[in-house]
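Student: Take this structure, written in structure tokens, and hold onto it; I'll ask about it next.
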Amino acid sequence: MDSSDAHGSFEDIRDEVDGNPMLDAFRYALPYWVPLAVGVVSTMINRAARLFPALMIAAAIDLVVTQSGTGDGILAVVGLVPSEPVPAERVDQRLNLLYYLGGLTVIAYLVQAVSHYCSRYFFQTTAQRLQHDLRLDTYDHMQRLSLDFFNNHQTGGMMSILNSDINRLEDFFNVEIRQITEAVMILTLVGGYMLYTAPRLAALVLLPVPIIALVTAKFIIWIEPKYKRIRELVARLNTRLANNLGGAAIVKSFDRYEVENRRVAEQSRGYRDEKIDAITVRKAFFASLRLIVGAMFVTILIVGGRDAITAGGLSTGAFVAFFVYLQQLDGPMTRIGKTANNYQKAKSSAERVFGVLGYEADIQSPTDGTDPVSLDGDVAFEDVTFSYSDGGERILEGIDLEVEAGETIGFAGTSGSGKSTLLKLPMRFYDVDSGTVRIDGDDVRTYSLQTLRDRIGVVEQDPYMFSGTIRENIAYGDGEAFKTVLEADPGEVPEDVEARIRNAAMAAGAHRFITELPEGYDTMVGERGVKLSGGQRQRVSIARTVLNDPDIIVLDEATSDVDTETENLIQRNLDELTADRTAFVIAHRLSTIRNADRIVVMEDGDVIETGTHRELVEDGGAYADLWASQTGDGEEAEAAEADD
Numbered sequence: 001m002d003s004s005d006a007h008g009s010f011e012d013i014r015d016e017v018d019g020n021p022m023l024d025a026f027r028y029a030l031p032y033w034v035p036l037a038v039g040v041v042s043t044m045i046n047r048a049a050r051l052f053p054a055l056m057i058a059a060a061i062d063l064v065v066t067q068s069g070t071g072d073g074i075l076a077v078v079g080l081v082p083s084e085p086v087p088a089e090r091v092d093q094r095l096n097l098l099y100y101l102g103g104l105t106v107i108a109y110l111v112q113a114v115s116h117y118c119s120r121y122f123f124q125t126t127a128q129r130l131q132h133d134l135r136l137d138t139y140d141h142m143q144r145l146s147l148d149f150f151n152n153h154q155t156g157g158m159m160s161i162l163n164s165d166i167n168r169l170e171d172f173f174n175v176e177i178r179q180i181t182e183a184v185m186i187l188t189l190v191g192g193y194m195l196y197t198a199p200r201l202a203a204l205v206l207l208p209v210p211i212i213a214l215v216t217a218k219f220i221i222w223i224e225p226k227y228k229r230i231r232e233l234v235a236r237l238n239t240r241l242a243n244n245l246g247g248a249a250i251v252k253s254f255d256r257y258e259v260e261n262r263r264v265a266e267q268s269r270g271y272r273d274e275k276i277d278a279i280t281v282r283k284a285f286f287a288s289l290r291l292i293v294g295a296m297f298v299t300i301l302i303v304g305g306r307d308a309i310t311a312g313g314l315s316t317g318a319f320v321a322f323f324v325y326l327q328q329l330d331g332p333m334t335r336i337g338k339t340a341n342n343y344q345k346a347k348s349s350a351e352r353v354f355g356v357l358g359y360e361a362d363i364q365s366p367t368d369g370t371d372p373v374s375l376d377g378d379v380a381f382e383d384v385t386f387s388y389s390d391g392g393e394r395i396l397e398g399i400d401l402e403v404e405a406g407e408t409i410g411f412a413g414t415s416g417s418g419k420s421t422l423l424k425l426p427m428r429f430y431d432v433d434s435g436t437v438r439i440d441g442d443d444v445r446t447y448s449l450q451t452l453r454d455r456i457g458v459v460e461q462d463p464y465m466f467s468g469t470i471r472e473n474i475a476y477g478d479g480e481a482f483k484t485v486l487e488a489d490p491g492e493v494p495e496d497v498e499a500r501i502r503n504a505a506m507a508a509g510a511h512r513f514i515t516e517l518p519e520g521y522d523t524m525v526g527e528r529g530v531k532l533s534g535g536q537r538q539r540v541s542i543a544r545t546v547l548n549d550p551d552i553i554v555l556d557e558a559t560s561d562v563d564t565e566t567e568n569l570i571q572r573n574l575d576e577l578t579a580d581r582t583a584f585v586i587a588h589r590l591s592t593i594r595n596a597d598r599i600v601v602m603e604d605g606d607v608i609e610t611g612t613h614r615e616l617v618e619d620g621g622a623y624a625d626l627w628a629s630q631t632g633d634g635e636e637a638e639a640a641e642a643d644d
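Following this line, the structure appears as structure tokens:
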């Protein structure tokens with residue numbers, strides 16, 4: 001029950017990722033390259049337009065206000081402004097130049113507005129489409145993995161991958177790519193302006209950039225394992241919370257509030273401590289970047305001011321532009337660090353997401369699998385051996401059993417004897433270690449998985465109910481019926497579909513209790529069917545399987561949680577449920593299977609007895625002992641036998 005078990009925490013998933021998982025993320029994003037490229041270009045235009053007004057201010061100061069321009073400014077070189085200042089006495093020309101510069105600034109702001117809209121729109125909408133597709137692809141891939149995957153990985157971890165990890169990748173493509181594009185553009189354009197205007201001062205100002213790059217590289221190396229650990233701790237915390245909330249009734253019944261609070265607190269404390277550790281170093285890293293930027297600001301103030309005062313190396317406008325651009329450099333400098341930090345977060349998430357996508361299913365449908373419309377129902381287990389893990393304990397050992405089409409086979413034996421495991425093999429929930437399982441003479445591995453899952457119906461001991469109505473849960477057994485029910489308005493389900501659902505409920509002994517409910521078939525069952533009793537859930541589950549009309553049916557302790565009256569009702573309908581189909585019935589209460597064509601008794605993964613109820617009781621073996629223990633002493637057992 002300990003969610004800290006690494007086996008269920010997706011650490012093994014990392015082995016499925018070759019190289020940098022962010023490369024997988026970028027490869028996945030390739031179909032979206034056009035809108036992403038438009039977003040990048042729009043961002044570049046936006047940043048260039050945002051730098052333009054500072055040049056207008058510098059030109060206005062040098063050419064209009066102080067008349068101190070040297071004629072070698074960038075705007076003059078490209079011909080946007082005069083190369084010489086307007087004489088002070090020519091007031092009209094100075095005002096016209098000022099209006100002209102104002103007009104250029106208005107155009108720059110218009111370009112800013114349009115490019116800002118395009119940048120945000122294309123990045124955000126593309127990121128939304130990407131996360132939507134990635135979530136569906138990941139969920140679809142999870143659904144196709146074998147049961148072994150779900151047995152060995154926690155539900156909370158899977159939910160964390162499908163939600164928070166994919167959302168983090170969405171944020172990366174929405175925010176980080178755009179902001180790193182902005183940072184590169186600012187560094188390039190501002191750096192170019194500074195180098196063109198005052199090379200010596202620019203060299204001093206830009207000198208810390210390699211230092212920032214080195215510090216950032218060291219930070220990335222340190223923070224990467226931290227974020228991996230944090231993602232694992234989040235998944236474990238989610239799993240603990242999901243377990244406790246899902247088992248709220250058990251927690252209450254055993255009054256384990258304090259115990260569970262401590263367990264949640266322990267998981268949360270581990271996450272908190274790891275997060276605080278990462279935050280401490282991250283903030284120290286960002287603070288160091290701020291100090292470096294501050295040193296650049298002081299350099300411009302002292303060196304640039306001295307040159308402007310003593311040597312005339314900088315015009316007043318250029319000096320002002322330097323300060324304006326330096327403030328704009330502050331963002332990109334710290335942005336590099338933040339992007340490096342968020343890149344590592346995204347990388348940890350990508351490792352988990354693409355690790356799942358790279359996880360190969362142990363059970364795969366053959367490319368040219370047999371896909372018959374129906375099965376006759378002959379089933380054979382030939383020297384079948386099985387264990388749940390390589391080198392693990394053998395659950396089944398050398399099972400040989402042949403079942404003819406239409407037979408009803410009961411299974412009896414103590415818990416853990418291998419009954420349920422054996423009957424998971426025909427559907428290929430698992431594959432045998434050795435031996436063969438055949439249906440209609442063909443190895444089950446030659447059938448498509450869709451055929452096996454569609455033509456073999458299962459009712460488990462603890463059936464799962466989906467949140468929705470009783471009608472929807474029964475209709476789930478047939479794809480077309482389920483689709484029709486979901487698409488129909490309340491009370492407008494087609495009569496033929498409704499009739500099939502009600503007939504299935506009657507065959508399962510569920511119709512009576514359903515019609516006694518205030519909302520009838522429209523009754524909401526609640527999460528996991530909590531609004532229904534255990535017996536009601538099982539009858540709905542049986543109805544769901546009956547609606548599917550499978551050729552082979554497996555009832556795994558299907559009447560274990562129903563009362564005697566309901567069991568007798570289901571028993572009376574058993575001939576109808578199993579008519580013209582092969583049926584496997586696992587039962588704890590042997591009265592459920594006494595009329596089966598044959599009964600198979602299992603112990604420690606092996607078949608120890610087979611025969612009819614009468615034959616096994618007369619043999620006086622393990623089955624006879626079980627029968628006697630359920631019906632009373634030997635005399636009562638004999639009396640019960642005489643009634644057959």
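Heads up, the sequence shown is in full-length UniProt numbering, so the first residue is 1 and it goes up one at a time.
All C-beta atoms, glycine included, are put in the ideal place defined by N, C-alpha and C.
Quick caveat, the model's predicted, so the values are computed rather than measured.
(1) Kindly give me the distance between the Cβ atoms of Ile-212 and Ala-340, rounded to whole angstroms, as I take these residues to be in contact under 8 Å.
(2) Can you tell which of Val-324, Val-264, Asn-342 and Thr-446 has its C-alpha closest to the C-alpha of Phe-286?
(3) Straight-line CA distance for Asp-625 to Ala-587?
(4) Could you give the DSSP three-state label for Ala-380: helix, strand or coil?
(5) With distances taken from CA atoms, which of Leu-326, Ala-113 and Leu-289 is nearest Thr-299?
(6) Compute the beta-carbon to beta-carbon distance between Ile-177 and Phe-123, rounded to the nearest angstrom, for a pair I have assumed lies under 8 Å.
(7) Taking the alpha-carbon positions, what's the Ala-235 to Ile-223 distance?
(8) In three-state terms, what does DSSP make of Tyr-271?
(9) Touching or not, the stretch 614 to 623 and the stretch 428 to 436, by the rule of three or more beta carbon pairs under 8 Å?
(10) Look at the alpha carbon of Thr-545 and the alpha carbon of Phe-354, and state the distance between them as a whole number of angstroms.
(11) Is the beta carbon of Asp-556 sitting closer than 8 Å to the one on Val-459?
(12) Consult DSSP for Gly-71 and reduce its assignment to one of helix, strand or coil.
(13) Could you check the C-alpha separation between Ile-470 and Thr-523 for me, to the nearest Å?
(14) On the DSSP letters alone, give me the boundaries of the beta strand (DSSP E) that Met-427 sits inside.
(15) Taking only runs of the beta strand (DSSP E) that begin and end inside the stretch 479 to 559, which ones reach a length of at least 3 residues, in chain order?
(16) Are the stretch 345 to 363 and the stretch 33 to 48 touching, with three or more C-beta to C-beta distances below 8 Å?
(17) Mind listing, in chain order, the continuous alpha helix (DSSP H) runs of no fewer than 4 residues lying wholly within the stretch 96 to 176?
(18) Cβ atoms of Gly-418 and Gly-605: under 8 Å apart, would you say?
(19) Beta-carbon separation of Arg-438 and Ala-380 under 8 Å?
(20) Go to Ile-586, then tell me how far its beta strand (DSSP E) extends in each direction, as first and last residue.
(21) What's the call for Thr-367, buried or exposed, on a 16-neighbour Cβ count within 10 Å?
(22) Asn-96: buried (16+ other C-beta within 10 angstroms of its C-beta) or exposed?
(23) Since I believe Thr-421 is in contact with Phe-466 (beta carbons under 8 Å), could you give me their beta-carbon distance rounded to a whole number of angstroms?
(24) Consult DSSP for Gly-435 and reduce its assignment to one of helix, strand or coil.
(25) Taking the beta strand (DSSP E) that Arg-589 belongs to, which residues open and close that run?
(26) So, at 6 Å on beta carbons, what are the nonlocal neighbours of Val-38 in its own chain, with the 5 sequence-adjacent residues on each side left out?
(27) Counting pairs of Cβ atoms below 8 Å between the stretch 45 to 57 and the stretch 147 to 164, do you hit three or more?
(28) Measuring CB atoms only, is the stretch 158 to 168 touching the stretch 179 to 194, in the sense that at least three cross pairs come out at less than 8 Å?
(29) In angstroms with no decimal places, state the Cα-to-Cα distance between Gly-468 and Gly-526.
(30) Starting from the C-beta of Thr-138, find all residues in its chain whose C-beta is less than 8 Å away, skip the five residues before and the five after it, and write them out in chain order.
(31) Just the C-alpha distance for Glu-487 and Asn-473, rounded to the nearest angstrom, thanks.
(32) Between which two residues does the alpha helix (DSSP H) holding Ala-596 run?
(33) What are the partner residues of Ala-412, as DSSP defines its beta bridges?
(34) Nearest CA to the CA of Asp-383: which residue from Leu-425, Asp-390 and Arg-168?
(35) How about Leu-401 and Val-600: are their beta carbons less than 8 Å apart?
(36) Could you pull the DSSP bridge partners for Glu-402 from this structure?
Tutor: This is what the structure holds:
(1) At roughly 10 Å, the Cβ-Cβ gap does not stay under 8 Å, so Ile-212 and Ala-340 are not in contact.
(2) Asn-342
(3) 15 Å
(4) strand
(5) Leu-326
(6) 7 Å
(7) 19 Å
(8) helix
(9) no
(10) 35 Å
(11) yes
(12) Any answer about Gly-71 is weak, because its pLDDT of 48 lies below 50 and its placement is not dependable; what the coordinates show is given next. In the structure shown, Gly-71 sits in coil (DSSP, three-state: anything other than H, G, I, E or B).
(13) 6 Å
(14) Element bounds for Met-427: n/a, residue is neither H nor E.
(15) 552 to 556
(16) no
(17) 147 to 152, 155 to 160 and 166 to 171
(18) yes
(19) yes
(20) 582 to 586
(21) exposed
(22) exposed
(23) Contact doesn't hold; Cβ gap of about 25 Å is too wide.
(24) strand
(25) No beta strand (DSSP E) holds Arg-589; DSSP gives it neither H nor E.
(26) Phe-122
(27) no
(28) no
(29) 7 Å
(30) Ile-161, Leu-162, Ile-166, Val-353, Val-356 and Leu-357
(31) 14 Å
(32) No alpha helix (DSSP H) contains Ala-596, which DSSP labels as neither H nor E.
(33) Val-601
(34) Leu-425
(35) yes
(36) Ala-380
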